[in-house]
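Its first residue numbered 1, the sequence shown is counted upward by one per residue in the UniProt record's numbering.
Note that beta-carbon positions come from the ideal geometry of N, C-alpha and C, so glycine has one too.
All figures in this text were calculated on a predicted structure; none of them were measured in a lab.
Shown next, in structure tokens, is the structure this report addresses.
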Amino acid sequence: CLKKLVTKGDLDEFQYLEINGMKLTEPRQAYVQILKQINGQSLTWEQAYQSLEKRFTKSTGSRPMTLLLVDELDLLCNKRQDVVYNLLDWPAKQNAQLVVMTIANTMDLPERVLMGRVTSRLGLTRLTFQPYNHKQLQEIVTTRLKDSDAFRSEAIQLVARKVAAVSGDARRALDICRRATEIAESNGNKSVSMQDVNEALTEMIASAKVQAIKHCSEMEKVFLQAVCAEISRTGVEETSFQSVFKQFEALCSFEGVKTPNISQTLDICGRLSANRLLLCEHSRSDIMQRILLNVSADDIHFALQSIKV
Numbered sequence: 001c002l003k004k005l006v007t008k009g010d011l012d013e014f015q016y017l018e019i020n021g022m023k024l025t026e027p028r029q030a031y032v033q034i035l036k037q038i039n040g041q042s043l044t045w046e047q048a049y050q051s052l053e054k055r056f057t058k059s060t061g062s063r064p065m066t067l068l069l070v071d072e073l074d075l076l077c078n079k080r081q082d083v084v085y086n087l088l089d090w091p092a093k094q095n096a097q098l099v100v101m102t103i104a105n106t107m108d109l110p111e112r113v114l115m116g117r118v119t120s121r122l123g124l125t126r127l128t129f130q131p132y133n134h135k136q137l138q139e140i141v142t143t144r145l146k147d148s149d150a151f152r153s154e155a156i157q158l159v160a161r162k163v164a165a166v167s168g169d170a171r172r173a174l175d176i177c178r179r180a181t182e183i184a185e186s187n188g189n190k191s192v193s194m195q196d197v198n199e200a201l202t203e204m205i206a207s208a209k210v211q212a213i214k215h216c217s218e219m220e221k222v223f224l225q226a227v228c229a230e231i232s233r234t235g236v237e238e239t240s241f242q243s244v245f246k247q248f249e250a251l252c253s254f255e256g257v258k259t260p261n262i263s264q265t266l267d268i269c270g271r272l273s274a275n276r277l278l279l280c281e282h283s284r285s286d287i288m289q290r291i292l293l294n295v296s297a298d299d300i301h302f303a304l305q306s307i308k309v
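Printed below as a string of structure tokens:
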């Protein structure tokens with residue numbers, strides 16, 4: 001919408017930047033990614049920070065406004081919270097020409113996680129995005145399936161109502177539609193019926209793996225979420241305990257619970273391996289051991305979506 005306003009001449013030109021906390025190896029890499037989008041330079045985080053500090057705090061002549069979108073802000077919240085503080089403090093500088101918009105996965109992130117000096121830098125405008133209701137989900141699914149007449153309208157409505165009652169997650173609704181389609185095809189049906197949808201739902205709820213995850217301890221559930229987060233960040237299915245532990249610390253901090261120490265967390269990892277929810281490197285049990293999920297990320301999401309630490 002803003003780009004259209006620029007094209008029409010109703011808004012001045014601006015530079016758009018975006019970073020995603022999930023895709024950063026550690027919070028201070030945010031400086032590196034921001035600077036790279038601005039001028040193409042790849043520097044160390046210290047050098048990138050100094051360059052950005054100079055750009056946003058000192059007068060360097062006329063330049064267009066910069067709009068920075070920070071997604072997954074909660075993953076940038078380290079113990080010092082210096083990265084989040086700087087990102088939110090720069091727009092307040094006289095010569096910054098910077099607007100920062102942030103997205104987080106919880107409505108009360110400022111109150112729950114951020115320090116006072118950081119929250120003081122936040123603007124007063126907060127938009128809360130509620131989970132999709134069944135009508136919105138029905139519209140999303142219908143739009144995605146517009147090129148197919150395989151789904152009966154009542155089947156789509158059932159998917160939308162079931163998912164809206166649990167999580168409101170559009171991805172979950174589409175997953176159920178995908179599985180219902182597979183069931184219909186295996187039964188030789190040309191269209192997906194409510195019976196196919198119910199069978200798909202029953203499979204997901206009754207899955208042995210989903211039930212096993214639900215019966216894990218709270219810290220084991222958080223560790224599984226950390227493995228998912230690390231795999232999502234890297235795009236690689238195999239990861240290491242050391243990498244997962246960083247995500248584990250961030251999730252514990254985010255939830256306001258004390259992070260178990262390395263030895264305790266290795267025990268958590270070992271129990272998940274013993275229960276075959278994780279596949280761990282048998283030749284070693286230290287922080288460098290390799291880890292693979294032995295369940296799908298969907299199974300974890302479905303089992304834990306209503307779980308709070």
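Span of the alpha helix (DSSP H), counted from its first residue to its last, around residue i
{"i": "Glu-255", "result": "241 to 255"}
{"i": "Phe-223", "result": "218 to 234"}
{"i": "Thr-25", "result": "Thr-25 -> no alpha helix (DSSP H), and no H or E assigned at all."}
{"i": "Cys-280", "result": "From DSSP, Cys-280 is part of no alpha helix (DSSP H) but of the beta strand (DSSP E) over 278 to 280."}
{"i": "Phe-14", "result": "No alpha helix (DSSP H) contains Phe-14, which is instead part of the beta strand (DSSP E) from 14 to 20."}
{"i": "Arg-178", "result": "170 to 186"}
{"i": "Ile-262", "result": "262 to 274"}
{"i": "Ile-140", "result": "134 to 144"}
{"i": "Thr-7", "result": "2 to 8"}
{"i": "Ser-51", "result": "45 to 57"}
Proximity below 8 angstroms, CB of residue i to CB of residue j
{"i": "Phe-245", "j": "Ile-287", "result": "yes"}
{"i": "Leu-75", "j": "Ala-250", "result": "yes"}
{"i": "Cys-252", "j": "Thr-259", "result": "yes"}
{"i": "Ile-213", "j": "Ala-200", "result": "no"}
{"i": "Gln-289", "j": "Phe-223", "result": "no"}
{"i": "Phe-56", "j": "Lys-93", "result": "yes"}
{"i": "Val-99", "j": "Met-65", "result": "yes"}
{"i": "Tyr-31", "j": "Leu-52", "result": "yes"}
{"i": "Lys-209", "j": "Asp-149", "result": "no"}
{"i": "Leu-145", "j": "Val-163", "result": "no"}
{"i": "Arg-271", "j": "Glu-220", "result": "yes"}
{"i": "Val-227", "j": "Leu-279", "result": "no"}
{"i": "Cys-77", "j": "Phe-254", "result": "yes"}
Span separating the alpha-carbon of residue i from that of residue j
{"i": "Ser-186", "j": "Ala-180", "result": "10 angstroms"}
{"i": "Ala-173", "j": "Tyr-132", "result": "11 angstroms"}
{"i": "Glu-238", "j": "Leu-277", "result": "14 angstroms"}
{"i": "Leu-67", "j": "Ala-170", "result": "28 angstroms"}
{"i": "Gln-50", "j": "Ala-155", "result": "56 angstroms"}
{"i": "Glu-26", "j": "Ile-291", "result": "20 angstroms"}
{"i": "Asn-20", "j": "Lys-36", "result": "14 angstroms"}
{"i": "Val-113", "j": "Gly-188", "result": "Residue placement at Val-113 is flagged as unreliable, the pLDDT there being 49, under the threshold of 50; the coordinate-derived value follows with that caveat. In a straight line, the C-alpha of Val-113 is about 52 angstroms away from that of Gly-188."}
{"i": "residue 310", "j": "Arg-161", "result": "It is not possible to answer for residue 310, since the shown part of the chain is limited to 1 through 309."}
{"i": "His-282", "j": "Arg-80", "result": "36 angstroms"}
{"i": "Glu-72", "j": "Asp-147", "result": "33 angstroms"}
{"i": "Glu-203", "j": "Met-194", "result": "14 angstroms"}
{"i": "Leu-11", "j": "Ser-243", "result": "43 angstroms"}
{"i": "Thr-7", "j": "Cys-216", "result": "54 angstroms"}
{"i": "residue 323", "j": "His-301", "result": "Residue 323 lies beyond the range of the chain shown here (1 to 309); nothing can be said about it."}
{"i": "Tyr-16", "j": "Asp-196", "result": "45 angstroms"}
{"i": "Val-257", "j": "Gly-9", "result": "50 angstroms"}
{"i": "Asn-198", "j": "Asn-275", "result": "29 angstroms"}
{"i": "Val-295", "j": "Ser-207", "result": "11 angstroms"}
{"i": "Arg-178", "j": "Ser-273", "result": "29 angstroms"}
{"i": "Leu-88", "j": "Leu-127", "result": "17 angstroms"}
{"i": "Asn-39", "j": "Phe-14", "result": "14 angstroms"}
{"i": "Leu-3", "j": "Gln-264", "result": "The amino acid occupying residue 3 in the given sequence is Lys; Leu does not appear at that position. Looking at the two C-alpha atoms, the distance is approximately 50 angstroms."}
{"i": "Gln-29", "j": "Asp-82", "result": "12 angstroms"}
Distance cut-off 7 angstroms: residue i Cβ against heavy atoms of the ligand GTP
{"i": "Thr-142", "result": "Of the ligands one can find in the structure shown there are none, so the ligand GTP has no counterpart to examine."}
Cross-strand partners of residue i (DSSP beta bridge)
{"i": "Met-204", "result": "Answer is none; Met-204 lacks a bridge partner."}
{"i": "Arg-161", "result": "Its beta-bridge partners do not exist; DSSP assigns none."}
{"i": "Glu-238", "result": "Leu-292"}
{"i": "Phe-151", "result": "Val-192"}
Beta strand (DSSP E) segment containing residue i, residue limits
{"i": "Thr-66", "result": "65 to 71"}
{"i": "residue 364", "result": "Nothing about residue 364 can be read from this structure; the chain reaches only from 1 to 309."}
{"i": "Leu-98", "result": "98 to 102"}
{"i": "Arg-80", "result": "Note, Arg-80: premise wrong, no beta strand (DSSP E); not H, not E."}
{"i": "Arg-290", "result": "290 to 293"}
Rounded Cβ spacing between residue i and residue j (contact assumed at less than 8 angstroms)
{"i": "Gln-225", "j": "Leu-304", "result": "7 angstroms"}
{"i": "Leu-69", "j": "Glu-18", "result": "4 angstroms"}
{"i": "Ser-42", "j": "Asn-95", "result": "No, Ser-42 and Asn-95 are not in contact; Cβ-Cβ is about 25 angstroms, not under 8 angstroms."}
{"i": "Ser-191", "j": "Arg-233", "result": "Not quite, the Cβ-Cβ distance comes to about 39 angstroms (not below 8 angstroms), so this is no contact."}
{"i": "Leu-33", "j": "Arg-63", "result": "In the sequence on display, residue 33 carries Gln and not Leu. With 8 angstroms as the limit, Gln-33 and Arg-63 do not qualify as a contact, their Cβ atoms being about 19 angstroms apart."}
{"i": "Val-141", "j": "Val-166", "result": "That belief does not hold up - the Cβ atoms of Val-141 and Val-166 are roughly 15 angstroms apart, past 8 angstroms."}
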